[in-house]
Amino acid sequence: MRSLPVRLLATLLLATQASPGAAQASPAPTVAFVTLGTGGGPVIRTERSEPANAVVVGQAVYLFDIGAGTQRQLAGARINPRQIRGIFLSHLHIDHTADLAPFLLNRWVLNDFRSLPVIGPRGTKKTLAGIVQMAGPVALAPVTIG
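The letter at position 10 of the sequence shown is residue -10 when you use the working numbering, and the numbering goes up by one with no holes.
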């Protein structure tokens, strides 16, 4: 049995294939794999970010893990956070999830209220509920940008 990320990647790639009738109308989107972080934790490093990868399918981006430094690495890779269509968590170790709460809060601060699926192992829903609870006081604090 293939792992979740491999099965998901295969599904994403199949979903990008045009139907036979549509193949002439538009070319298939480009697909790229971008390594954003390869340093496992809990060691804090200046030269490497924690685990995170992006699969870019046309203009859509899917994150696989979101360790500390992911947001900085997205900026360095010139990937607009608004392009992210889903986040997949391989497991819930902190070095694979550290930027999840900051990323979700930044979407809120930047008025990006679109639905964003976060898919992961058992405990993911509880993790997200904890982020929502933690963000309650943040939501009540005035935010000014610029």
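All C-beta atoms in this analysis are idealised placements derived from N, C-alpha and C, irrespective of residue type, glycine included.
#1: Answer yes or no: do Ala109 and Ala78 have a C-beta to C-beta separation smaller than 9 Å?
#2: Return the CA-CA distance between Leu16 and Pro117, expressed in angstroms with no decimal places.
#3: Can you give, in chain order, each stretch of the alpha helix (DSSP H) that sits fully within the region 62 to 106 and has at least 4 residues?
#4: Alpha carbons only, please: which of Ile24, Val98, Ala8, Thr26 is nearest the one belonging to Ala81?
#5: Quick one: measure Cβ to Cβ for Asp45 and Pro31, integer angstroms, because I've assumed they're closer than 8 Å.
#6: Note down the Cα distance separating Val11 from Thr50, rounded to an integer number of angstroms.
#7: To the nearest angstrom, how far is the alpha carbon of Arg52 from that of Pro61?
#8: Within this structure, are the beta carbons of Pro9 and Val37 separated by less than 9 Å?
#9: Give the DSSP-derived three-state secondary structure of Ala48 in the structure shown.
#10: Apply the 10 Å Cβ neighbour rule to Leu120 and answer buried if 16 or more other Cβ atoms are within range, or exposed otherwise.
Answer, in terms of the structure:
#1: no
#2: 30 Å
#3: 74 to 77, 80 to 89
#4: The option with the nearest alpha carbon to Ala81 is Val98.
#5: 5 Å
#6: Approximately 20 Å between the Cα atoms of the pair.
#7: 11 Å
#8: yes
#9: coil
#10: exposed
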